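> Order-wise, the sequence lines are chains E and D. Quick note on this note's numbering: the first sequence kicks off at 1 and runs consecutively. Quick note on this note's numbering: the second sequence kicks off at 1001 and runs consecutively. No residue lacks a Cβ here, since even glycine has one placed at the ideal position from N, Cα and C. Because the structure is a prediction, the values reported are computed rather than measured. Dropping a structure here in structure tokens format, bear with me for questions.
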Amino acid sequence: MIQRKLNLALVGSANVGKSVIFNYLTGLHQHIGNWPGKTIEKAEGTLHYKGYTIDVLDLPGICSLSTYSLEELITREHIISTKPDFIINVINAANLETNLILTLQLLELEKPMVLALNMVDLLKKNGISIGFERLETILNIPVVPVAAIHGKGVTEVLDRGISLAYQKTQSNTLKYGKEVEERIEQLDQVLRNIESVYPKRFIAIKLLEKDEVIEKLFKTTHQEILEKAKSLNLELEKIHGHSSAIVIADERCLLASRIAKKVMTITKPQKISAGEILDNLTGHKILGYPIMAAILGLTFFALFKGGIYVSSLLDQFLTTLQVNFYNTFGNTLLSSLVFSGISSFFALLALALPFILPFYFILFVLEGLGYLARVAYLMDHFMHKLGIHGKACIPLILGFGCNVPACLSCRIMETQRERFITGLLTVFVPCNAVTVIVAGLVGKFLGIRFAVGLYLFVFLIIFIIGKIASIMTPGEPTELIMEMPSYKLPDIKTISLHTWFKLKEFIYVASPIVIISGIIIEGAAAAKLLNPINNFLSPVTSQWLGLPPAIGILLFFGILRKELILVLLASILGTTNFALVLTPIQIFILALVSMLYIPCAATIAALSKEFGWQKALLITLLKISLAIAVGGLVLRLLNFVNLF
Amino acid sequence: MMKENVIALSTLEKNHEAIIVAVTAKHKAAKRLADLGLIPNTTIKILRKTLFCGPMEILARGSKLILGKSVTTKILVKKL
């Protein structure tokens, strides 16, 4: 009987258009989750094609098959353990030579594989032509030119992959240099009687590369294999003067280079393209910065203005809903608890739809264009002052919109150390809700000067925390090494799908804790606990921070949604002209404390998802104590200098 | 090959071309550089550099790469 169910895996480095192909194949039939126990995204989907049901897995973007990053290990283990019916290795045709290095490593796994040469539509513009058939003969696997953004070539990749799935895998005929091949041969001999899920040649090569995972396979049972590998490694190191792992990497690099030279011809001298002019401007050592400030500044301004408008529409709807709800169900304890759950969820939607959704969309557009890599490039120097590298800019920028996606995006950093420091810093970035408070309190009643001053002050705090964290967190900073993608038009379908799935993730992560804390706060109010809470907090709120005691509850509500501080302040003080009831210093201190005092409930949920609850708790406590300490000190300082 | 000609990549300026002589970065970074095609005898071109001697963008084997300063000081090159 013919097997009608297949599974395929997409493999490739970042910026090769792998996700465009994935989205082309699966559309909305996809599920984005995490690899079990890991904070690495796992995108799966299904496709019905010519009577086949094909499970498609988009493996994380990698540039090597070693085990230095979790992504690389996951990719390797997945291919070995689940044995996909075929692999699609997606590469950027314009970067053939560098991308072939990964292809050569994948070939070592000896699984059915199709090479999808993506972005061939851009080759002509770059003045490159590639002999696809020649490449196919050399690599001995199907090679298909693809322009995924136009859907060209994708079905051919599938057709050739499907026919490959029913064939016996053809062995790889590519050979490295003589010195290396001889040693692979010698290891093959000792490995002859070993049973393993890994191909023999792959094991031999990895032993020469001192791959820890492969070495572990033999640690207890076959010490003699490790001894043999060690002596061969020493020989290689003697010949080349550096680690045998680097020798193998060099060999692959040279082989890739030879192959590329055989199949690639430069058809015309390269002219300066529009992309390069753009590159020269946006990457310019001086102009690059004002351009970046303008792009990001305009984005935030537009999002903020538009977001507040849409958000107010949603609030109106909620008010109508509230009236209808109480008219229908009566004003009982139960109904008010239920409604507080509903309104908490609405509060979340009021954040998700007007702010997060367009924010993600624009971010993905900037990413798809290739602009975010330029931001990382421009900002690397400054980020290094905080002990992290340029890529950390992206979560920090996201943080201005909302801290939740910012925390979730810390996974783009390579190591746990970088992730944690970046996560810690993002929760100090004033999000849009905090901006509402600062604008509504300080901007409105004290003037824009003080609002800007407050922001600069918070940036200073972020800087100091970054400095301290980078000294205190163990481990060394990772160097910035990344590919710079060429500017290209982003694929709107991929971006829309990404935005949609990210929005779903946001609601999924944040809603339970937001709804529960909403009900608890309502319950506390119903149990007449608000005044006791105020009294309990008053040593801090009124004596140390010099604020009216009633503010205590506000800070309590603000955990749920920061802008509630501003909204409820009006109802508690009975006026929207805060200048009548609060002194300028009180206004300033309230805004400062609101900026610093606690990550909101949704952010705490995101922190604990990414870093575990202990670290989430640690960051939360750190913020609370910092807000109290800084607030009190600034108050005394302001009283002393008599600024207002 | 004269020893004096060997300089750190970080000292080069925009539009300079050079050939890699050695990579002295730590194992992990050296491996990653090799995976991206930066090995001895590779010809590279500096496309741009940021102010303050921060990262630089280079062209190697037809691909553009961004390298932070801590990496470029550890790649030894000969200027062409």
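(1) Decide if ILE266 (chain E) is buried, meaning its Cβ has at least 16 other Cβ atoms within 10 Å, or exposed.
(2) For the ligand MG, any of its heavy atoms closer than 7 Å to the Cβ of LEU10 (chain E)?
(3) If we ignore side chains and look at the alpha-carbon of each, how far apart do THR173 (chain E) and ILE246 (chain E) end up?
(4) Figure out for me which residue from E:LEU123, E:LYS178, E:ALA627, E:LEU115 has the closest Cα to the Cα of THR137 (chain E).
(5) Taking only beta-carbon positions, decide if CYS393 (chain E) is within less than 8 Å of chain D.
(6) Between the Cα of ASP121 (chain E) and those of E:GLN105, E:ALA94, E:PHE132, spot the shortest distance and give me the residue it belongs to.
(7) Smallest Cα separation from LEU1047 (chain D): which of D:GLU1017, D:LYS1069, D:ALA1022?
(8) Mind checking if GLU1057 (chain D) is an interface residue toward chain A, Cβ cutoff 8 Å exclusive?
(9) Assign TYR377 (chain E) to buried or exposed, taking buried as 16 or more other Cβ atoms, counted over all protein chains shown, within 10 Å of its Cβ.
(10) Does the pairing of the segment 52-62 of chain E with the segment 9-18 of chain E give three or more beta-carbon distances under 8 Å?
(11) In chain order, what are the residue ranges of uninterrupted alpha helix (DSSP H) at least 4 long that sit wholly in the segment 146-199 of chain E?
(12) Does any residue of chain E bring its CB to less than 8 Å from the CB of ILE1066 (chain D)?
(13) Output, in sequence order along the chain, the residues in the segment 1016-1030 of chain D whose CB is closer than 7 Å to any CB in chain E.
(14) Could you give the distance in angstroms between the alpha-carbon of ILE461 (chain E) and the alpha-carbon of ILE468 (chain E)?
(15) Could you check whether the segment 124-137 of chain E touches the segment 72-91 of chain E, counting it as contact only if at least three pairs of C-beta atoms, one from each stretch, sit closer than 8 Å?
(16) What are the residues in the segment 365-382 of chain E lying within 8 Å of chain D by C-beta distance?
(17) Beta-carbon of SER273 (chain E) versus every beta-carbon of chain D: anything under 8 Å?
(18) Could you tell me the alpha carbon to alpha carbon distance between GLY1062 (chain D) and LEU255 (chain E), rounded to whole angstroms?
(19) Classify MET484 (chain E) as helix, strand or coil using the three-state DSSP reduction.
(20) By Cβ distance below 7 Å, which residues in the same chain neighbour VAL310 (chain E) in space, the five residues on each side in sequence not counted?
(21) May I have the straight-line CA-CA distance separating MET1001 (chain D) from LEU236 (chain E), to the nearest angstrom?
(22) Assuming GLY1068 (chain D) contacts LEU480 (chain E) under a Cβ cut-off of 8 Å, what Cβ separation, rounded to an integer in Å, is found between them?
(23) Among E:LYS504, E:LEU596, E:PRO549, which one has its Cα closest to the Cα of LEU28 (chain E)?
(24) Is there at least one Cβ from chain D nearer than 8 Å to LYS285 (chain E)'s Cβ?
(25) Check distances from the C-beta atoms of the segment 66-84 of chain E to those of chain D and list, in chain order, the residues that come in under 7 Å.
(26) Below 8 Å on the Cβ atoms is my guess for VAL1144 (chain D) versus LYS1078 (chain D); work out the distance and round it to an integer in Å.
(27) Just to make sure I have the definition right: I need the residues of chain D whose C-beta is within less than 9 Å of the C-beta of ASP121 (chain E). Which are they?
(28) Fully enclosed by the segment 412-495 of chain E, which beta strand (DSSP E) runs are 3 residues long or longer?
(29) To which residues does DSSP link ILE87 (chain E) through a beta bridge?
(30) Any C-beta of chain D sitting closer than 8 Å to the C-beta of ASN531 (chain E)?
(31) Could you tell me the alpha carbon to alpha carbon distance between ALA606 (chain E) and LYS615 (chain E), rounded to whole angstroms?
(32) DSSP state of LEU313 (chain E), grouped into three classes?
(33) What are the uninterrupted segments assigned as alpha helix (DSSP H) that are 4 or more residues long and contained completely in the segment 1005-1047 of chain D, given in chain order?
(34) Would you report the Cα separation of VAL180 (chain E) and ILE225 (chain E), rounded to the nearest angstrom?
(35) For THR282 (chain E) versus GLY275 (chain E), is the C-beta spacing smaller than 8 Å?
(36) Using 10 angstroms around the beta-carbon of SER312 (chain E), count the other beta-carbons present and answer buried if the total reaches 16, otherwise exposed.
With the given structure in hand:
(1) exposed
(2) As presented, the structure is devoid of all ligands, the ligand MG included, so that no description of it is given.
(3) 22 Å
(4) E:LEU115
(5) no
(6) E:ALA94
(7) D:GLU1017
(8) Annotation note: the requested chain A is absent from the structure, which comprises protein chains E and D.
(9) buried
(10) yes
(11) 154-165, 178-190
(12) yes
(13) HIS1027, LYS1028, ALA1029, ALA1030
(14) 11 Å
(15) no
(16) ALA373, ALA376, TYR377, LEU378, ASP380, HIS381
(17) no
(18) 15 Å
(19) coil
(20) LEU353, PRO354
(21) The predicted position of MET1001 (chain D) is uncertain, since its pLDDT is 48 and thus under 50; no value can be drawn from it.
(22) 3 Å
(23) E:LYS504
(24) yes
(25) SER66, TYR68
(26) What the structure shows of chain D is the stretch from 1001 to 1080, and residue 1144 (chain D) is not part of that stretch, so it cannot be assessed.
(27) In chain order: nothing, as chain D lies at least about 17 Å away.
(28) 481-483
(29) E:ALA9, E:MET113
(30) no
(31) 11 Å
(32) helix
(33) 1027-1035
(34) 17 Å
(35) no
(36) exposed
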